[in-house]
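Chemist: In the working numbering, the protein residues as written are 37 to 291.
The beta-carbon is built from N, C-alpha and C at its ideal position, and this holds for glycine as well.
Note that the structure is a prediction, hence the values are computed from the model and not measured.
After the structure tokens below, expect a handful of questions from me.
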């Protein structure tokens, strides 16, 4: 057993003890507990699915409604380090490293938003939750929206922070430009792509530093593959609208 301190918005101490999965099981539970401020306790689990070891963390009081935190492209669950301790005081919480991000590597099957939705549904089924409140940030909002579109009965409410509506009627120019965006970025060096993306991610230097660390866990090949998967998530659905309660959040300079 070892103790470590890991960089992030909140200081925390982790203890590690690996428990091997049962024979025939694709689940490995790590007795890796994180003590956040406010004495929040999260437990990490690794869920092997379609070639990817998906890492997710759960905490908060048992039996309470579940709030799921879904991060944006090229970062990881630490995006919500400042929110998790607060929400976990009164709700059950789930945070994950989306397929191909953070510790959930290698990506396995090529990344798509529908595949990420299926991953999340499999985790919810594993945990025994028929419904959840979804909190998505940036590209994480696309996963939340797609899940709500395909399985509205599984979603009780949504928080959409800094995300585009994926079922809206965007112009043909916007759709085309979005779908070729990965090819437009391909000629640039990975360092240029990282620095450009991170500079636009936040005005706060600490957030930019975190984003750089998370981004650096990917290769350029993986980044472009993930971006291609994300850029194909738009699909116009005439007459469709989200029926669940929803909170929309955006910054003054968001575009």
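Could you tell me which whole alpha helix (DSSP H) segments of length 4 or greater appear in the segment 172-196?
Modeler: The DSSP assignment places complete alpha helix (DSSP H) segments of no fewer than 4 residues inside the segment 172-196 at 176-186, in order along the chain.
Chemist: Whose C-beta lies closer than 6 Å to the C-beta of residue 192 among residues of the same chain, with five residues either side of it excluded?
Modeler: 167, 169
Chemist: Spatial neighbours of residue 217 within its chain, please: CB distance less than 8 Å, with the 5 preceding and 5 following residues excluded, ordered by chain position.
Modeler: 263, 267
Chemist: I'd like the list of long-range same chain contacts for residue 140, defined as Cβ closer than 7 Å, with 5 residues on each side in sequence excluded.
Modeler: 88, 89, 90, 91, 133, 134
Chemist: Buried or exposed, going by whether 16 or more other CB atoms sit within 10 Å of the CB of residue 93?
Modeler: buried
Chemist: Could you name the residues of the same chain whose beta carbon sits closer than 6 Å to that of residue 123, not counting the 5 residues immediately before and after it, in chain order?
Modeler: 103, 129
Chemist: Leaving out five residues before and five after residue 211 in sequence, what residues of the same chain have Cβ atoms less than 7 Å from its Cβ?
Modeler: Around residue 211: 270.
Chemist: Residue range of the alpha helix (DSSP H) that residue 232 falls in?
Modeler: 226-235
Chemist: So what's residue 100 in DSSP terms, helix, strand or just coil?
Modeler: Here DSSP, grouped into helix, strand and coil, assigns residue 100 to coil.
Chemist: Under 8 Å Cβ to Cβ from residue 110, same chain only, skipping five residues before and after it: list those, please.
Modeler: 137, 233, 247, 250, 251, 254, 259, 262
Chemist: Look up residue 91 in the DSSP assignment and say whether it is helix, strand or coil.
Modeler: strand
Chemist: Taking only three categories from DSSP, how would you classify residue 126?
Modeler: coil
Chemist: Are the CB atoms of residue 156 and residue 179 nearer to each other than 8 Å?
Modeler: Yes, the Cβ-Cβ distance between residue 156 and residue 179 is below 8 Å.
Chemist: From which residue to which residue does the alpha helix (DSSP H) around residue 215 run?
Modeler: 208-215
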